[in-house]
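Working notes, structure below.
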Ligand code: HEM
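Residue numbers (our numbering): 22 to 471.
Structure follows, in structure tokens:
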């Protein structure tokens, strides 16, 4: 029925409307559901309400958007009205004002300075390190043993990022970094991410100590590189980078960028590989197809960066793993001013979430979305998708700077491992997930080597 009181609007003024609201409790909103099981929560509210839904955390009004067109608005068209969301901004305790959290003109300048380090040729030059380290890692694996491949991949990708980024050999410094990183990852996992870092709690004290330890390592390397010149690693390149406006980066800026690359650059790739091995263990046919491709492309020799264009099935495995288990399972922004997204009015200060976990499993874009089918990526399937129906690396100007690095690393490590081993699952129960900043496996990924 039409309302009986006429509301006067100019002809092109749209009625302000908000997305449908999730059922939730007063005061705490959806925090309990979200903390208990964020993935199920996002799935449920999306199933119940469709492409846009509103829910609340104390002090935060959140709109979740699931349609690729709305995601395009968040990541591209409306980006100048948005900044990173509250939860992402919390990471600045660790990352300072590094690329992942910086904004505006400062972010643009830093991104321009870092970009050459991720150019195709520079990344290709890291291929050798990636393969050599992967070969060394699998050298002492034995047939019949059960390994936690999540742990193995975390260590391997940390070693690779330490070498390519800092020019640091494993064993000494990387082990120290590893311990400090573990403390920090735990501190920012689950409920921990909602506890203010300023509170005098033992977990906060441990986190601050870990940050101080990482700082010591990072500043030490910066000092060394300033004296020693370009070693072909990323940090050397960042030190050499100068901007037209105001010369080279200060040590603090370098520290923030280095810390960001270290943290953003190893766990995500490790997760991709862990889930890929998990999925291959459960899909022997796919493991067989991968082995056939490796035989054909590589024969008996190790892979190189130049093989990438021919390792198509391996690339499909990596893409499909990131579809089903996106390491970055959601990302967020906050509105600086009111805007319209997905046809809804979004007030200033609203948190906007888009969730790879939900969109990557949407049957409108992916037939049989729960099925692991690396071959779906053949014949340029990606090009047939709406933009941002698949966005493991985000999109728009803030797309992951390391995406080519990560794709190459994941494919080269995957084929290096698959040349020597196939795996069997230790159980057929669904894998338990523990989403924090990234989508981590709750109990590791134990697999039997064959
Ligand atoms: C499979 C592996 C990876 C995944 C899934 C991933 C995912 C992402 C996503 C989704 C974003 C965008 C966040 C947002 O828009 O809020 C991002 C940004 C970023 N990633 Fe990655 N990443 C991966 C590997 C890497 C690697 C290897 C590096 C560096 C060596 C890296 C460095 C960064 C940086 C610096 C940013 C911030 C870029 C900016 O805002 O300018 N990532 N990543």
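Yeah, the Cβ is synthetic: ideal placement off N, Cα and C, and Gly gets one too.
Helix, strand or coil for residue i? Go by DSSP, reduced to three states.
i, result
"residue 355", "strand"
"residue 374", "strand"
"residue 27", "Since pLDDT at residue 27 reaches only 35, below the 50 mark, its modelled position is unreliable, and no value is offered."
"residue 83", "strand"
"residue 365", "strand"
"residue 122", "coil"
"residue 75", "strand"
"residue 475", "Nothing about residue 475 can be read from this structure; the chain reaches only from 22 to 471."
"residue 269", "strand"
"residue 440", "coil"
"residue 177", "helix"
"residue 384", "coil"
"residue 313", "helix"
"residue 395", "helix"
"residue 252", "coil"
"residue 202", "helix"
"residue 138", "helix"
"residue 143", "helix"
"residue 451", "coil"
"residue 490", "In the structure as shown, the chain begins at 22 and stops at 471. Residue 490 is therefore absent and cannot be evaluated."
"residue 132", "helix"
"residue 408", "coil"
"residue 42", "strand"
Thinking residue i and residue j are a contact (beta carbons under 8 Å), I'd like their distance in whole angstroms, please.
i, j, result
"residue 465", "residue 169", "4 Å"
"residue 270", "residue 283", "Not confirmed; about 16 Å, so no contact."
"residue 194", "residue 228", "That pair is no contact at about 20 Å."
"residue 144", "residue 455", "Incorrect: roughly 30 Å between the Cβ atoms, too far for contact."
"residue 301", "residue 444", "7 Å"
"residue 135", "residue 112", "With 8 Å as the limit, residue 135 and residue 112 do not qualify as a contact, their Cβ atoms being about 17 Å apart."
"residue 303", "residue 446", "6 Å"
"residue 91", "residue 363", "3 Å"
"residue 40", "residue 95", "Wrong, their Cβ atoms sit about 13 Å apart, outside the cutoff."
"residue 185", "residue 254", "6 Å"
"residue 152", "residue 325", "7 Å"
"residue 288", "residue 459", "6 Å"
Quick check: what's the CA-CA separation for residue i versus residue j?
i, j, result
"residue 34", "residue 66", "With a pLDDT of 47 at residue 34, under the threshold of 50, the modelled position of this residue cannot be trusted; read the value that follows with caution. Straight-line Cα distance between these residues: approximately 29 Å."
"residue 25", "residue 44", "Note on residue 25: pLDDT 34, under 50, position unreliable in the model; the coordinate value appears next. Each residue's Cα considered, the two are about 29 Å apart."
"residue 103", "residue 290", "27 Å"
"residue 256", "residue 115", "18 Å"
"residue 28", "residue 385", "Confidence in residue 28 is poor, its pLDDT being 37 and thus under 50, which makes the residue's placement unreliable; the coordinate value appears in the next sentence. Their Cα atoms are separated by approximately 38 Å."
"residue 124", "residue 84", "21 Å"
"residue 359", "residue 98", "14 Å"
"residue 110", "residue 448", "38 Å"
"residue 122", "residue 471", "43 Å"
"residue 355", "residue 381", "23 Å"
"residue 105", "residue 309", "42 Å"
"residue 336", "residue 395", "8 Å"
"residue 51", "residue 323", "50 Å"
"residue 56", "residue 209", "13 Å"
"residue 77", "residue 93", "23 Å"
"residue 236", "residue 167", "36 Å"
"residue 31", "residue 88", "The pLDDT assigned to residue 31 is 42, lower than 50, so where the model puts this residue is not dependable; a value taken from the coordinates is nonetheless given after this. Their backbone Cα atoms lie some 29 Å apart in a straight line."
"residue 160", "residue 149", "16 Å"
"residue 127", "residue 133", "10 Å"
"residue 241", "residue 374", "38 Å"
"residue 340", "residue 378", "14 Å"
"residue 436", "residue 315", "7 Å"
"residue 190", "residue 138", "19 Å"
"residue 463", "residue 261", "41 Å"
"residue 108", "residue 82", "13 Å"
"residue 468", "residue 387", "28 Å"
Going by DSSP, what residue range makes up the beta strand (DSSP E) through residue i?
i, result
"residue 166", "Run containing residue 166: none; DSSP gives neither H nor E here."
"residue 469", "467-470"
"residue 454", "454-456"
"residue 461", "460-462"
Residue range of the alpha helix (DSSP H) that residue i falls in?
i, result
"residue 345", "333-345"
"residue 61", "59-70"
"residue 228", "223-249"
"residue 418", "Segment: none, residue 418 is in no alpha helix (DSSP H) and carries neither H nor E."
"residue 302", "288-303"
"residue 89", "89-93"
"residue 116", "113-116"
"residue 404", "402-405"
"residue 183", "Looking at the DSSP string, residue 183 is not in any alpha helix (DSSP H), and its letter there is neither H nor E."
"residue 156", "148-159"
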